[in-house]
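Trainee:
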Amino acid sequence: MAEVITLPGLIDLHVHLRDPGQTHKEDFYTGSSAALAGGFTTIVDMPNNQRLITNSELLVEKISSAKSKTVCDIGFNFGTLGDNLDQFEAIYDKVVGLKVYLNITTGGFIVDKPKLAEIYKAWESDKPIFLHAEEDVSDLVTSTLREIERKTHICHVSSEDELKFVMKAKEAGLPVTCGVTPHHLFLSDKDTERLGPYANVKPYLKPESDQKFLWDHLDAIDIIESDHAPHTRQEKESNEPPFGLPGLETTLPLILTAEAEGRISRQQLLEKLHFTPAKIINLETNPETKIEVSMEEYEIKNEDLKTKCGWSPYAGKKVIGKIERVNLRGQLVYEHGKILTQPGSGKTIS
Ligand code: NCD
Ligand code: ZN
Numbered sequence: 452m453a454e455v456i457t458l459p460g461l462i463d464l465h466v467h468l469r470d471p472g473q474t475h476k477e478d479f480y481t482g483s484s485a486a487l488a489g490g491f492t493t494i495v496d497m498p499n500n501q502r503l504i505t506n507s508e509l510l511v512e513k514i515s516s517a518k519s520k521t522v523c524d525i526g527f528n529f530g531t532l533g534d535n536l537d538q539f540e541a542i543y544d545k546v547v548g549l550k551v552y553l554n555i556t557t558g559g560f561i562v563d564k565p566k567l568a569e570i571y572k573a574w575e576s577d578k579p580i581f582l583h584a585e586e587d588v589s590d591l592v593t594s595t596l597r598e599i600e601r602k603t604h605i606c607h608v609s610s611e612d613e614l615k616f617v618m619k620a621k622e623a624g625l626p627v628t629c630g631v632t633p634h635h636l637f638l639s640d641k642d643t644e645r646l647g648p649y650a651n652v653k654p655y656l657k658p659e660s661d662q663k664f665l666w667d668h669l670d671a672i673d674i675i676e677s678d679h680a681p682h683t684r685q686e687k688e689s690n691e692p693p694f695g696l697p698g699l700e701t702t703l704p705l706i707l708t709a710e711a712e713g714r715i716s717r718q719q720l721l722e723k724l725h726f727t728p729a730k731i732i733n734l735e736t737n738p739e740t741k742i743e744v745s746m747e748e749y750e751i752k753n754e755d756l757k758t759k760c761g762w763s764p765y766a767g768k769k770v771i772g773k774i775e776r777v778n779l780r781g782q783l784v785y786e787h788g789k790i791l792t793q794p795g796s797g798k799t800i801s
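Residues 452 to 801 in the working numbering are what the sequence shown lists, from first letter to last.
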């Protein structure tokens, strides 16, 4: 019998559950089921739905729909293109933070660069601004932060240059944190040929030298975020494959496998998947929210996944760490592949 370990419920600050608008890819029920199956008890959903969540009505509608379907705890980020600053006041207490896209990705909701400072000025909240900012905009981000200090989380750092920019910003005392995705840790541009359109993701998969830099500087990276971004196989195999990979169900096993190989410590795992994400969003965690994981080896199989998209870039890979049980605030909500709780039993966080 493999050893069974108990961990606190994991927290993922970057998921795209596609609900409302693109529920053929995922919805609040299937996406939050995938979260539980992956050991995540709290997730933060991004605003790049088919229609960007840029006003209080759209946000309230989205939250109320989530309330009836979600099986883990969930928080939301607000969206902006810089033309809805008057909405901020009304939504501060309903969200976890603000998401700003400075590079092209799913949805195409990219902010005009000169608007960044205006957005920063208008966001009069201690809640973080989550930036999709790849290395091409690092100077803009630094100069904006120097002018207007707002708690900022740089999503999915993927290259040496990008992480160096975050390290420098931290050294300069700017209030920044950053995250890395499992795919930038476990896949590189070498996998692009094998995975074809399934490897299409923003930021792009990088050369192994960048990947090595991330692994060598894990302590400079605050959190691991799945960036769970499901698209159907049909979409991925189309002439214009969209950006994004599913990740909720494979993140913990990949990290536990790396732990077994001596590449990351248990303490680092806990910091990056639980304690620091909680700190970033000022979340009070519940000691009765915990997961049990069997440290056995198994193969990732598409047919075992709960995500509606039904595929994983890691299918066929052998990993360690099977999520056996999940307790949400003391209630058993997941066991051996089965969701044991009703849609809507998750709590909304803000
Ligand atoms: C994400 C998506 O599909 O919503 N895609 C991606 O490639 N990561 C958007 C994002 O986080 O950039
Ligand atoms: Zn992004």
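Glycine residues also receive a C-beta, built at the ideal position from the N, C-alpha and C atoms. As the structure is a prediction and not an experimental result, all values here were calculated from the model.
Looking at C-beta atoms only, is the number of pairs between the segment 520-528 and the segment 472-481 that lie closer than 8 Å three or more?
Mentor: yes
Trainee: Contact between the segment 752-760 and the segment 678-694: three or more CB pairs below 8 Å?
Mentor: yes
Trainee: Would you kindly work out how many angstroms separate the C-alpha atoms of E688 and P648, rounded to a whole number?
Mentor: In this model, E688 and P648 are separated by some 6 Å (Cα to Cα).
Trainee: My output table needs one value for N528: the three-state DSSP class, helix, strand or coil.
Mentor: strand
Trainee: For V455, which residues in the same chain have their Cβ closer than 8 Å to its Cβ, ignoring the five residues on either side in sequence?
Mentor: E743, V744, S745, M746, E775
Trainee: Can we count F616 as close to the ligand NCD, meaning its CB is less than 8 Å from some heavy atom?
Mentor: No, the ligand NCD has no heavy atom inside 8 Å of this Cβ.
Trainee: Quick one: what's got a C-beta closer than 8 Å to S639's C-beta in the same chain, skipping five residues either side?
Mentor: Sequence-distant Cβ neighbours of S639 in its own chain, meaning closer than 8 Å and more than five residues away, are L656, K657, P658, E659, D661, Q662.
Trainee: How would you label I570, buried or exposed, when you count the other beta carbons within 10 angstroms and need 16 or more for buried?
Mentor: buried
Trainee: Among residues of its own chain, excluding the 5 on either side of G788, which ones have a beta-carbon nearer than 6 Å to its beta-carbon?
Mentor: none
Trainee: In whole angstroms, what is the alpha-carbon distance linking Q473 and H467?
Mentor: Distance between the alpha carbons of Q473 and H467: 10 Å.
Trainee: For T702, which residues from the same chain have a beta carbon less than 7 Å from its beta carbon, with the 5 sequence-adjacent residues on both sides left out?
Mentor: Around T702: G489, P633, I675, S677.
Trainee: Is the Cβ-Cβ distance between T556 and I525 less than 9 Å?
Mentor: no
Trainee: Expressed to the nearest angstrom, what Euclidean distance is found between the alpha-carbon atoms of L721 and L458?
Mentor: 8 Å
Trainee: Leaving out five residues on either side along the sequence, give the residues of the same chain with a beta carbon under 8 Å from the beta carbon of N506.
Mentor: N535, Q538
Trainee: Mapping the DSSP letters down to three states, classify Y655 as helix, strand or coil.
Mentor: coil
Trainee: With a CB to CB cut of under 6 Å and the five nearest residues on each side skipped, what residues in its chain are close to I706?
Mentor: Contacts found: L720.
Trainee: Between E611 and the rest of its own chain, which residues show a CB-CB distance below 6 Å, the 5 nearest in sequence each way excluded?
Mentor: D661, F664
Trainee: Could you pull the DSSP bridge partners for F539 from this structure?
Mentor: Its beta-bridge partners do not exist; DSSP assigns none.
Trainee: Taking 9 Å as the threshold (C-beta atoms), are A729 and L636 in contact?
Mentor: no
Trainee: For I599, tell me which candidate among E712, H583, F527, W574 has the shortest Cα-Cα distance.
Mentor: Considering only alpha carbons, the answer is W574.
Trainee: Give the C-beta separation of E748 and I715 to the nearest angstrom, bearing in mind that I take them to be a contact with Cβ-Cβ under 8 Å.
Mentor: About 17 Å; that fails the 8 Å criterion.
Trainee: Can you grab the Cα-Cα spacing for the pair H668 / F726, in whole Å?
Mentor: 19 Å
Trainee: Given M497, which residues of its chain have a CB within under 6 Å of its CB, disregarding the five upstream and five downstream residues?
Mentor: Shown here for M497: same chain residues with a beta carbon closer than 6 Å to its own, the five before and five after excluded, namely H467, N528, K550 in chain order.
Trainee: Report the option in Q501, N753, E750, V547 whose CA atom is closest to the CA atom of L464.
Mentor: V547
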